[in-house]
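Mapping of the sequence shown onto the numbering used here: residues 17 to 299, in sequence order.
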Amino acid sequence: MAKIIDGKAIAAEIRGRIKEETVELKKIGVTPGLAVVLVGEDPASRVYVSMKEKACAEAGIFSDEHKLPAETSETQLLELIDRLNRDDRIDGILVQLPLPSHIDETRVLEAISPAKDVDGFHPYNVGRLATGNPLFQPCTPYGIMKMLEHTGTDLTGKDVVVVGRSNIVGKPVALMCLAKHASVTLCHSRTRNLADKVRAADVVIAAVGRAEMVKGDWIKEGAVVIDVGINRVGEKKLVGDVEYAAAAARAGAITPVPGGVGPMTIAMLLQNTLESAQRRARR
Ligand code: NDP
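Written as structure tokens, this is what we have:
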């Protein structure tokens, strides 16, 4: 049976360490600050934003909340970002996505100073990651790498298969595994013979958004399986992108859903905010 990679426990450990480092920074007069911007009333976004605010409070990070009405114009939002870019108390700016349809998401994300882009979505930070010299790493992939580190997985020379090529998970995690000297295969909806590719993988990272589409019998004996997917089945049940029970019977280690990658994402947002504040302290 596979070892369960307990994202909740790893995230709690990381958050505890961030809290300690925040105390140290405060001693030299630097309080890490995260601005969280929410436009509109999307219920899921509201939940995410309140989780982020709570996590900041627990870690001793100053959170500067901006809850704007759905009819906020793009110009008003860009003005706010400009103010936050110039605000010395703010180390990170997070604009909760999705934005209302009358606002150009790309324009907004590109207006965030790359030095405060804690989500790591600005093309400058994407470029830094692609060239092997990251400044901010996107939170979910960064969390995945921390989980792999935690399991003691050395990626050197390993075959990693990533299923899903989104800008927020698949592509960046593929780049991060490459930087750790893995041979990476990046799969997507047009990939042929997906099952065969997964069968050859030492590490499988599934970020698709389709309930249990990666079958348990595709998993190589002893492989490490990271399941990023969050899929609601029926009223209450959440499942991942991997057929969990069958995969766990073959894998060496596997993340559960929920309690796997999910808790890591917020921990890494705090980590990015802390790193940014530490850079401010050095300046
Ligand atoms: P996207 O919808 O942006 O991307 C999904 C990817 O899966 C695409 O690249 C798509 O291919 C690919 N895909 C779709 N169908 C298939 C298929 N049949 N075979 C192979 N590949 C396929 O999703 P995200 O990356 O944003 O999210 C993926 C999942 O991870 C979701 O369940 C999401 O909820 C979850 N998630 C969880 C987070 C966490 O904190 N735990 C954070 C972020 C996401 P193509 O490009 O060809 O369309």
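All C-beta atoms, glycine included, are put in the ideal place defined by N, C-alpha and C.
- Kindly indicate which residue of S61, L254, V240, K162 has the alpha-carbon position closest to the one of N20. As written in the sequence, residue 20 is Ile, which differs from the Asn given in the question. Answer by Cα proximity: V240.
- Item | N149 Cβ short of 7 angstroms to ligand 1 heavy atom set | no
- How many angstroms separate the CA atom of K253 from the CA atom of A297? 44 angstroms
- Query: Once you ignore the five residues that flank I109 on each side, which residues in its own chain have a CB closer than 6 angstroms to its CB?
  - Reply: A51, L100, I128, K132
- Is the Cβ-Cβ distance between V176 and D135 less than 8 angstroms? no
- Task: Spatial neighbours of E87 within its chain, please: CB distance less than 7 angstroms, with the 5 preceding and 5 following residues excluded, ordered by chain position.
- Result: No residues qualify anywhere along the chain.
- Item | Inter-stretch contact (C-beta, 8 angstroms, three-pair minimum) for the segment 180-197 and the segment 150-161 | yes
- Answer yes or no: do A146 and G180 have a C-beta to C-beta separation smaller than 8 angstroms? no
- What span of residues does the beta strand (DSSP E) with K83 cover, start to end? 78-84 is the extent of the beta strand (DSSP E) around K83.
- Message: From the DSSP secondary-structure annotation, give me the bridge partner or partners of G203.
- Response: It should be noted that the sequence gives Cys, not Gly, for residue 203. V179, per the DSSP bridge assignment.
- Per-residue DSSP class, three states only, for D233: helix
- Message: Which same chain residues end up closer than 8 angstroms to T289 when comparing Cβ atoms and leaving out the 5 residues on each side of it in sequence?
- Response: P48, G49, L50, C72, I77, D107, G108, V134
- What distance in whole Å lies between the Cβ atoms of R266 and I235, which are believed to be in contact at a cut-off of 8 angstroms? 5 angstroms
- Item | One or two residues paired with V220 in a DSSP bridge | Per DSSP, V177, V241.
- Message: Less than 8 angstroms between the C-beta atoms of L171 and A211, yes or no?
- Response: No.
- Item | Sequence-distant residues of the same chain with beta carbon closer than 7 angstroms to I34, five excluded per side | Hits under 7 angstroms: A75, L286, Q287, L290.
- Query: Going by the beta-carbon positions, is the gap between T167 and T281 smaller than 8 angstroms?
  - Reply: No. Outside cutoff.
- Skipping 5 residues on each side, what residues in its chain have a beta carbon closer than 7 angstroms to that of R316? Past the edges of the chain, shown from 17 to 299, lies residue 316, and the structure says nothing about it.
- Which term fits H118, buried or exposed, when burial requires 16 or more other beta carbons within 10 angstroms of its beta carbon? exposed
- I97: first and last residue of the uninterrupted alpha helix (DSSP H) it sits in: 90-102
- Query: Taking 7 angstroms as the line, does the beta carbon of M229 fall inside it for any heavy atom of ligand 1?
  - Reply: yes
- Query: Any idea which residues DSSP pairs K253 with across the strands?
  - Reply: V249
- Query: Just to check, is the beta-carbon of C193 closer than 7 angstroms to a non-hydrogen atom of ligand 1?
  - Reply: No, since every heavy atom of ligand 1 falls outside the 7 angstroms radius drawn around the Cβ of C193.
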